[in-house]
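Heads up, the thing below is written out as structure tokens.
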Amino acid sequence: MLSISKIAKRNIQRKPLRSFCLILTVMLLSSFVFIGSVLNVSLSDGAVSLANRLGADVMIVPSSYRFSQVEGIILTGKPSSFYLPDNALEEVQKLDLGIEKISPQTFLASFKMSCCSYPVQLIGIDYDSDFIIKHWLGKILSQKLREGELIIGNNIASDVGEYLRFFGQDLKVAGKLEKTGMAFDSSVFVDRATIEKLAYESERISAKRLHDSSSRNSVIMLKLKSGHDPEAAAMEINRVLGSRGIQAIFSKSFVNNMSQSLVFVSRAITLSLAVIWFLAVIIIGLLFALSISERRLEMGTLRYLGATRAKLTRIMLSEVLMISSYGAILGIFLGALVIPVINSRVIEALRLPFLLSSIQFMISAAIISGAFAILTGMLAALIPVLRAGRVEINDMLSEV
Amino acid sequence: MTEKRAEFHVKALLIIRHFCALEIFAKVCIIELIMRNMRNIFLKMNLALGFVLASIPFVLYPVCENLKPDGTHMNCFYTGIFVTAMGIIVVILSFAFAKKFSGMAFVLAIIAAALTWLAPNGIVNIAGENWKIALCSVSSHACVADTMPKVALIASAIIVSSFAGLILALIKGDR
Amino acid sequence: MKILRFENITKIFNSRSSLKALDNITLEIESGDFVNIIGRSGSGKSTLLKISAGILTPTSGEIELDGENLANKSDSELSRIRNYKIGFIPQGASVLPNLTIIENVILPAILWEHGGDITGYAMILLEKFGIANLANSYPSEVSGGELRRALIARALINHPKIILADEPTSNLDSESSQNILQIFSRLNSQENVTLLLVSHDLDTLKFGKRVFEMNDGILTQKSVL
Chain A
10 MLSISKIAKR NIQRKPLRSF CLILTVMLLS SFVFIGSVLN VSLSDGAVSL
60 ANRLGADVMI VPSSYRFSQV EGIILTGKPS SFYLPDNALE EVQKLDLGIE
110 KISPQTFLAS FKMSCCSYPV QLIGIDYDSD FIIKHWLGKI LSQKLREGEL
160 IIGNNIASDV GEYLRFFGQD LKVAGKLEKT GMAFDSSVFV DRATIEKLAY
210 ESERISAKRL HDSSSRNSVI MLKLKSGHDP EAAAMEINRV LGSRGIQAIF
260 SKSFVNNMSQ SLVFVSRAIT LSLAVIWFLA VIIIGLLFAL SISERRLEMG
310 TLRYLGATRA KLTRIMLSEV LMISSYGAIL GIFLGALVIP VINSRVIEAL
360 RLPFLLSSIQ FMISAAIISG AFAILTGMLA ALIPVLRAGR VEINDMLSEV
Chain B
73 MTEKRAEFHV KALLIIRHFC ALEIFAKVCI IELIMRNMRN IFLKMNLALG
123 FVLASIPFVL YPVCENLKPD GTHMNCFYTG IFVTAMGIIV VILSFAFAKK
173 FSGMAFVLAI IAAALTWLAP NGIVNIAGEN WKIALCSVSS HACVADTMPK
223 VALIASAIIV SSFAGLILAL IKGDR
Chain C
-15 MKILRFENIT KIFNSRSSLK ALDNITLEIE SGDFVNIIGR SGSGKSTLLK
35 ISAGILTPTS GEIELDGENL ANKSDSELSR IRNYKIGFIP QGASVLPNLT
85 IIENVILPAI LWEHGGDITG YAMILLEKFG IANLANSYPS EVSGGELRRA
135 LIARALINHP KIILADEPTS NLDSESSQNI LQIFSRLNSQ ENVTLLLVSH
185 DLDTLKFGKR VFEMNDGILT QKSVL
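Right, here's the structure in full:
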């Protein structure tokens, strides 16, 4: 049975190429809004997560590493092995900095042993003093991380109870971290004894010493008692121990530095969205105005057959609604395909922590993006549609 | 046990190769016949691209076929099978829905093409006992250096073609 | 019963120079009447028809359709009157090209709520005019004469009080023209449909109960058959 929506549908079919362009425009708009909003929120979540849960006020690293290198290792970095000079931990402990907690970490890059093994960052932690990794621990088999066990980052494709092999050692997965948005996601954590053993195996296999000194500490994490300034503490460490090949970085500097990048990326995304939105409005408006001007006679026919101005407007708006809905749904579909790709690539490309938003947020973002694209389509077509509705019937039939 | 498994895998590989050769022959013979009955240009494109996709991992840009020390295949081998299967699915979809519901063919083709990238890169986890759809970690290995870039290219082309076909299907319906 | 009444209708177009298209026209059409207005192009006959259909408003004078004064009606009221009371057949192929013939015929019935089996009635009309086999064809697939018959069916779908036809035989061969005019004649004689037909085709003089001539906006009665 013929209906208003069927008339609208047939109008869409009449000019397939034009309808194709209109749907494509709305589709691109919808997908860009969806992807852009998820990207923005994921980056922002990553930054907030880093600021809130990095845990350490001050990080002590070898002075041979530049700030950007350390930042790269912590946020997105590739597996690397680096070590502090001997007795660094003891010397830092001696300083009067107002230390509440102190915990060393040992970094060891896994070998690419065979074709399909994981190239991951192995991190040795002192489980008793650790105040960083435990924060992120979702589930663990035992109360304590024991020798021969490991905790895996969220991106490691394994699960609790399974075994992973590093340097010829089979280690049991005792726990898995929540998603952190940092390099922790693709790291593996073991206790001090295990990392010593793995480092020994690493040296044995490669027949090369990892480091000249006997130290196995790569990073020392410090948490200060309340009232103590991390920046002042970092400066004091650098003043006293700077000549010993030690440098201290206060964590907030990560976040500050990152915030600037984040603001830039966020602005770039917002600006792109604004440009795309503006172009979409122009394209949809122009194509629809063209389409309407070509159909004056048909509109005149509908009017003399008894269609009111309002009904004529409704028919035309149904057409826009249909086109915009198709475009919006396809755009969300496209966005849903692109977001996982972005998730895996953005960390490398932007060097920013990226914490993919929750599924609830993504569903909301998809619905809002779709609605926004539909509204944009309707808005862009509104002016030509309303103008067409105002034309006198006799003028519409002037071609008759 | 390991020897038997290795033997089985070698046989499986041979069957796949035979299938690929047969597929090429069969396709060359019937492709024209099928295309004549397909009005939709994007279905035709998907048919051709699906065929190319299916042929990449074992014919055009083969994955590394070496066995692991324990006699089993590496992950890239299973990825190759998976990509071939997805290519065949795209081909089947192209003529199974040639007359009606072409929109459905395009949606499923998009999903199949997307999986050829998402699964090997670990975004969609497809694994079973002793096998896993994944890539080698060494960037110089064939699956990473040759196969996957071509798979990604053809999969992207299928996705673009399918989206265009899907838009057209929405506009025209099955008219 | 009076269906259409013009009283001192004058229409002046003010586009470039003032042009008096209709000059003080007075005309009454009774139910079951068949009025034929002839005149050369530009004489004002189409303007008269459009004023009758509420498409144009007169500069002065009064027009009444089925007892309702068309002056000062809102767009919605005028649209309702056009839909319920008038079957308008404009010049040329005024159809929606993407709808089939039967969909074009039932189009007026879905613009306002009309009960009943619309599709069934549309098929009856198409059968009556000998084009039932073209129901599912598109306008581009049928001939000019067949399309004109479909337009007559469309004009009748809502059981209007009057059919207004503007040059119904233009651009048709003589056989098709005769066919169309016979349909009008039959509708009037057998089903008592009220018709107002304007044309410059002198062949139409043979049809209609009353014939008028329009000359420079002035209407004069030629004959009563």
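Chains as they are written, first to last, in my numbering: chain A, 10 to 409; chain B, 73 to 247; chain C, -15 to 209.
We put the beta carbon where it would ideally sit given N, CA and C, even for glycine.
What residue does the alpha helix (DSSP H) around residue i start on, and which one ends it?
| i | result |
| --- | --- |
| alanine 137 (chain C) | 128 to 140 |
| glutamine 256 (chain A) | Per DSSP, glutamine 256 (chain A) belongs to no alpha helix (DSSP H); it is in the beta strand (DSSP E), 255 to 259. |
| isoleucine 69 (chain A) | Not the alpha helix (DSSP H): isoleucine 69 (chain A) falls in the beta strand (DSSP E), residues 67 to 71. |
| glycine 28 (chain C) | Looking at the DSSP string, glycine 28 (chain C) is not in any alpha helix (DSSP H), and its letter there is neither H nor E. |
| valine 179 (chain B) | 174 to 190 |
| valine 162 (chain B) | 147 to 168 |
| glutamine 114 (chain A) | Taken as a continuous stretch (DSSP letters only), glutamine 114 (chain A) belongs to no alpha helix (DSSP H), being part of the beta strand (DSSP E) at 108 to 118. |
Nearest-angstrom Cα distance between residue i and residue j?
| i | j | result |
| --- | --- | --- |
| lysine 54 (chain C) | tyrosine 335 (chain A) | Checking the sequence, you will find leucine at residue 54 (chain C) rather than lysine. Approximately 43 Å, taken between the alpha carbons. |
| asparagine 138 (chain B) | leucine 115 (chain B) | 36 Å |
| glutamine 22 (chain A) | glutamate 46 (chain C) | 44 Å |
| glycine 184 (chain A) | aspartate 168 (chain A) | 8 Å |
| phenylalanine 198 (chain A) | isoleucine 160 (chain A) | 5 Å |
| glutamate 87 (chain C) | asparagine -8 (chain C) | 39 Å |
| glutamine 401 (chain A) | leucine 388 (chain A) | Reading off the sequence shown, one finds glutamate at residue 401 (chain A), where the question assumed glutamine. Rounded to the nearest angstrom, the two C-alpha atoms are 23 Å apart. |
| cysteine 125 (chain A) | proline 192 (chain B) | Confidence is the limiting factor: at cysteine 125 (chain A) the pLDDT is only 42, short of 50, which leaves the residue's position unreliable and the question unanswerable from this model. |
| serine 151 (chain A) | glycine 170 (chain A) | At serine 151 (chain A), the pLDDT of 49 sits below 50, so the modelled position is not reliable; the number obtained from the coordinates is stated separately. Straight-line Cα distance between these residues: approximately 11 Å. |
| serine 123 (chain A) | alanine 120 (chain B) | Here serine 123 (chain A) scores only 43 on pLDDT, less than 50, and its place in the model should not be relied on; the value that follows carries that caveat. One C-alpha to the other measures close to 36 Å. |
| asparagine 117 (chain C) | phenylalanine 168 (chain C) | 21 Å |
| leucine 406 (chain A) | glycine 309 (chain A) | 5 Å |
| glycine 114 (chain C) | glycine 129 (chain C) | 11 Å |
| serine 63 (chain C) | phenylalanine 72 (chain C) | 12 Å |
| valine 409 (chain A) | glycine 398 (chain A) | Unreliable positioning characterises valine 409 (chain A) in this predicted model, as indicated by a pLDDT of 40, which lies under 50. A coordinate reading is not provided. |
| leucine 80 (chain C) | lysine 29 (chain C) | 25 Å |
| asparagine 164 (chain A) | lysine 188 (chain A) | 8 Å |
| valine 70 (chain A) | glycine 175 (chain B) | 57 Å |
| phenylalanine 41 (chain A) | glutamine 130 (chain A) | 34 Å |
| tryptophan 286 (chain A) | valine 216 (chain B) | 37 Å |
| valine 347 (chain A) | asparagine 403 (chain A) | 51 Å |
| valine 218 (chain C) | glycine 192 (chain C) | Nothing in the structure corresponds to residue 218 (chain C), since chain C is present only between -15 and 209. |
| asparagine 247 (chain A) | serine 367 (chain A) | 40 Å |
| phenylalanine 175 (chain A) | glycine 379 (chain A) | 47 Å |
| glycine 200 (chain B) | alanine 184 (chain B) | 19 Å |
| lysine 222 (chain B) | valine 196 (chain B) | 19 Å |
Tell me which same chain residues have a C-beta within less than 8 Å of the C-beta of residue i, skipping the five on either side of it?
| i | result |
| --- | --- |
| isoleucine 222 (chain C) | Within the shown structure, residues of chain C are numbered from -15 to 209, placing residue 222 (chain C) beyond reach of any answer. |
| leucine 180 (chain B) | Ile161 and Leu165 |
| serine 53 (chain A) | Leu271 and Ser275 |
Which stretch, first to last residue, makes up the beta strand (DSSP E) that contains residue i?
| i | result |
| --- | --- |
| tyrosine 172 (chain A) | 172 to 175 |
| asparagine 199 (chain C) | 194 to 199 |
| glutamine 178 (chain A) | 178 to 186 |
| serine 196 (chain A) | 196 to 200 |
| isoleucine 44 (chain C) | It should be pointed out that residue 44 (chain C) corresponds to serine in this sequence rather than to isoleucine. From DSSP, the beta strand (DSSP E) with serine 44 (chain C) extends over 44 to 49. |
| threonine 178 (chain C) | 178 to 183 |
By Cβ distance, which residues of its chain are closer than 7 Å to residue i, with the 5 residues on each side in sequence left out?
| i | result |
| --- | --- |
| proline 74 (chain C) | Asp150 |
| glycine 157 (chain A) | Leu180, Lys181 and Thr203 |
| alanine 93 (chain C) | Ile102, Ile141 and Asn142 |
| alanine 206 (chain B) | Asn147, Thr151, Pro192 and Gly194 |
Is the beta carbon of residue i within less than 8 Å of some heavy atom of the ligand MN?
| i | result |
| --- | --- |
| asparagine 163 (chain A) | Of ligands this structure carries none, so the ligand MN is not represented either. |
Can you find the residues in the same chain that come closer than 6 Å, C-beta to C-beta, to residue i, ignoring five residues on each side of it along the sequence?
| i | result |
| --- | --- |
| arginine -11 (chain C) | Glu12 and Glu48 |
| leucine 365 (chain A) | Ser51 and Asn352 |
| methionine -15 (chain C) | Ser15 |
Relative to chain A, which residues along the stretch 51 to 81 of chain C have a C-beta separation below 8 Å, given in chain order?
-> From the stretch 51 to 81 of chain C, only Asp59, Ser60, Ser63, Arg64, Arg66, Asn67, Tyr68, Phe72, Pro74, Gln75, Gly76, Ser78, Val79, Leu80 and Pro81 have a Cβ closer than 8 Å to chain A.
Do three or more CB pairs link the stretch 34 to 50 of chain C to the stretch 108 to 116 of chain C at distances below 8 Å?
-> The stretch 34 to 50 of chain C, when compared against the stretch 108 to 116 of chain C, does not touch it at the 8 Å Cβ threshold.
Do three or more CB pairs link the stretch 295 to 308 of chain A to the stretch 23 to 36 of chain C at distances below 8 Å?
-> No, the stretch 295 to 308 of chain A is not in contact with the stretch 23 to 36 of chain C.
Under 7 Å (Cβ pairs) to chain C, residues found in the stretch 316 to 330 of chain A = Listed in chain order, the positions of the stretch 316 to 330 of chain A with a beta carbon within less than 7 Å of a beta carbon of chain C are Ala316, Thr317, Arg318 and Lys320.
Against chain A: residues of the stretch 191 to 207 of chain B by CB proximity under 7 Å | From the stretch 191 to 207 of chain B, only Asn193, Gly194, Ile195, Asn197 and Ala206 have a Cβ closer than 7 Å to chain A.
Are there three or more Cβ pairs, one per stretch, closer than 8 Å when the stretch 238 to 246 of chain B is compared with the stretch 335 to 348 of chain A?
-> Taking 8 Å as the limit for Cβ pairs, the verdict is that the stretch 335 to 348 of chain A does touch the stretch 238 to 246 of chain B.
Quick one: any contact between the stretch 30 to 45 of chain A and the stretch 205 to 214 of chain A, if contact means 3 or more CB pairs under 8 Å?
-> Touching, no.
Got a sec: which bits of the stretch 153 to 164 of chain B sit with their beta carbon under 9 Å from any beta carbon on chain A, in order along the chain?
-> Listed by position along the chain: nothing, the set is empty.
Three or more beta-carbon pairs under 8 Å between the stretch 224 to 235 of chain B and the stretch 161 to 175 of chain C, yes or no?
-> Not touching, per the Cβ criterion.
Where the stretch 145 to 177 of chain A meets chain B: residues whose CB sits under 7 Å from a CB there = Taking 7 Å as the Cβ-Cβ cut-off against chain B, the residues of the stretch 145 to 177 of chain A that qualify are Ala166.
Taking Cβ-Cβ distances below 9 Å as the criterion, which residues of the stretch 222 to 244 of chain B are in contact with chain A?
-> Those residues of the stretch 222 to 244 of chain B that come within reach of chain A (Cβ to Cβ, closer than 9 Å) are Ile231, Phe235, Ala236, Leu238, Ile239, Leu240, Leu242, Ile243 and Lys244.
Could you run through the stretch 301 to 316 of chain A and flag, in chain order, every residue whose CB is less than 8 Å away from some CB of chain C?
-> Within the stretch 301 to 316 of chain A, the qualifying residues are Leu306, Glu307, Gly309, Thr310, Leu311, Arg312, Tyr313, Leu314, Gly315 and Ala316.
Contacting positions in the stretch 12 to 34 of chain A - beta carbon closer than 7 Å to chain B = Answer set for the stretch 12 to 34 of chain A: Ile21, Gln22, Pro25, Ser28, Phe29, Ile32 and Leu33.
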